[in-house]
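Note that UniProt numbering has the sequence shown beginning at 1, numbered continuously upward. Note that CB positions come from ideal geometry on N, CA and C, so glycine has one too. Below is one structure; the comments refer to it alone.
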Amino acid sequence: MSSRLSPAGKKSRTPLVQQVTPQWLFNRLQIQGGVTLIDTRGFKCYEHSHIWNFINLPPPLKTPRFSSLLSPNTPGTIHEYLDELCATESARRALTKRKLTDVVLYDHFGVYAPSSWAVQLACLLLREGAVTSLKFLVGGMQSFQRDYPFMMTSRKDLDDYPVYTPVKTTVLVDYAPRSDPSSSVVLPPSKQSQPIRHALTFPNEVVQGFLYVGNIWQATQPEILRRMGITHVLPVSDTPVPNPLKRITYMHVPSSTKHPLNLCFDDAYAFIKKARKNGGKVLINCVSGVSSSPTLAVYFLMRADKISLVEAYNDVLASRPLMFPSLACMRMLVEAELRRFGTASVRTAADIDALQGGCLPQQAV
Numbered sequence: 001m002s003s004r005l006s007p008a009g010k011k012s013r014t015p016l017v018q019q020v021t022p023q024w025l026f027n028r029l030q031i032q033g034g035v036t037l038i039d040t041r042g043f044k045c046y047e048h049s050h051i052w053n054f055i056n057l058p059p060p061l062k063t064p065r066f067s068s069l070l071s072p073n074t075p076g077t078i079h080e081y082l083d084e085l086c087a088t089e090s091a092r093r094a095l096t097k098r099k100l101t102d103v104v105l106y107d108h109f110g111v112y113a114p115s116s117w118a119v120q121l122a123c124l125l126l127r128e129g130a131v132t133s134l135k136f137l138v139g140g141m142q143s144f145q146r147d148y149p150f151m152m153t154s155r156k157d158l159d160d161y162p163v164y165t166p167v168k169t170t171v172l173v174d175y176a177p178r179s180d181p182s183s184s185v186v187l188p189p190s191k192q193s194q195p196i197r198h199a200l201t202f203p204n205e206v207v208q209g210f211l212y213v214g215n216i217w218q219a220t221q222p223e224i225l226r227r228m229g230i231t232h233v234l235p236v237s238d239t240p241v242p243n244p245l246k247r248i249t250y251m252h253v254p255s256s257t258k259h260p261l262n263l264c265f266d267d268a269y270a271f272i273k274k275a276r277k278n279g280g281k282v283l284i285n286c287v288s289g290v291s292s293s294p295t296l297a298v299y300f301l302m303r304a305d306k307i308s309l310v311e312a313y314n315d316v317l318a319s320r321p322l323m324f325p326s327l328a329c330m331r332m333l334v335e336a337e338l339r340r341f342g343t344a345s346v347r348t349a350a351d352i353d354a355l356q357g358g359c360l361p362q363q364a365v
């Protein structure tokens, strides 16, 4: 990232500008917060169908006041021109309160010509200095909608709904104490179990249209599995799935000290490979989706694509940043790479630490 001198003579960072894929955006939206997604199409297009997002900033009317804002010599900022920029009160509130840290802009087809409104808006944001990174969505809304139709919405009024997910489901929450079954404490009927509206986030996509990694809650939500078209679920858990869904094919991987995860590497690989051959979509899950399930995903990529552990790990990490396999799982992957390729791209404990921090460069095998 480059740097420049500010008018005051202090060094400041120039925001990074880059393009991102629909897959990157999908995975990024599952991490709530820290991103501002801006739809730069006209309000009617936005109202008809849009990615579930924070703000719609349609092309403004060419008023003299706004034309002056586009001039590079204008000292004004976006906040001074909210009436021209924001078509709705909710958008004005969001733009005023937001803290721009990771801004993603998109139009309909991903045509970001210098004269397009998306590029002009990007220039305004950069000139204002309120962003640390600015990204354009490759292919625009059309490409994202093609790959992730379940992330689209056409709601006109977003005020009553969370802005971070297009899906809500009713789940039954049990308030009864679990630690002491013999407890004499009796909760009132209204507190024993209540249906509540819960916002959904989706599993992360590791291989586009095929392989996903998530947690146990996501793997047991019929609405998530249905919307994503999941056909196969590979849970790593103490016990098999208690209420398997009829249309889902399962393979249970035991999670215990008596059954080390690497004993199931080959069977899990065969299960995933067969699902892929039959055109299925596979969700690998463990309790939190942090250790065991990412480990199986790394092993699958390493073996299926014949790539090093470092490359496979970095690929999964790019899709699921919250992954952090245990030291035992990391050692299993190192042993698996050595056994399969006769060489190891991760050789020391320091290499493991660097890899888990995303700091170990790719190495061929």
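In summary, C359 is exposed, with fewer than 16 beta-carbon neighbours lying within 10 Å of its beta-carbon over all protein chains present.
Note on G289: 16 or more other CB atoms within 10 angstroms of its CB, so buried under the neighbour-count rule. With at least 16 other beta carbons inside 10 angstroms of its own, E205 counts as buried. According to DSSP, K135 shares a beta bridge with Q18 and V104. Nearest Cα to Q221 within the set L29, G139, F202 and P321: F202. Y112 carries a coil assignment under DSSP once its states are collapsed to helix, strand and coil. Distances from the alpha-carbon of N215 to those of L301, V253, V236 and A336 put V236 closest.
In this structure, the CA atom of I230 is about 40 Å from the CA atom of Q120.
Beta-bridge pairing by DSSP links N56 to D39. Listed as beta-bridge partners of P235 by DSSP are N285. Going by DSSP, G214 is part of the beta strand (DSSP E) stretching over L211 to N215. A113 sits exposed, since fewer than 16 C-beta atoms from the chains shown fall within 10 Å of its C-beta. The closest CA to that of A344, considering only R226, A312 and L283, is found on A312. The shortest CA-to-CA distance from E337 to any of D305, A354, L37 and A350 is the one to D305. For N204, the enclosing beta strand (DSSP E) has its first and last residue at N204 to V207.
Just measuring C-alpha positions, the residue of Q18, G42 and P22 sitting nearest G209 is P22. In the structure shown, V316 adopts helical secondary structure according to DSSP, grouped into three states. When Cβ pairs closer than 8 Å are counted between the two stretches, the region 270-278 is seen not to touch the region 310-325, the count staying below three.
The DSSP-derived three-state label of M152 is strand.
Sorting L234, K135, G42 and V131 by C-alpha distance to the C-alpha of C86 places G42 at the top. By the CB criterion at 8 Å, L29 and L137 fall outside the cutoff. Excluding its 5 nearest sequence neighbours in each direction, D238 has C-beta neighbours in its own chain below 6 Å: S255, listed in chain order. Distance from the Cα of G357 is smallest, within the candidate group R320, E335, G342 and D266, for R320. For T295, the enclosing alpha helix (DSSP H) starts and ends at S292 to A304.
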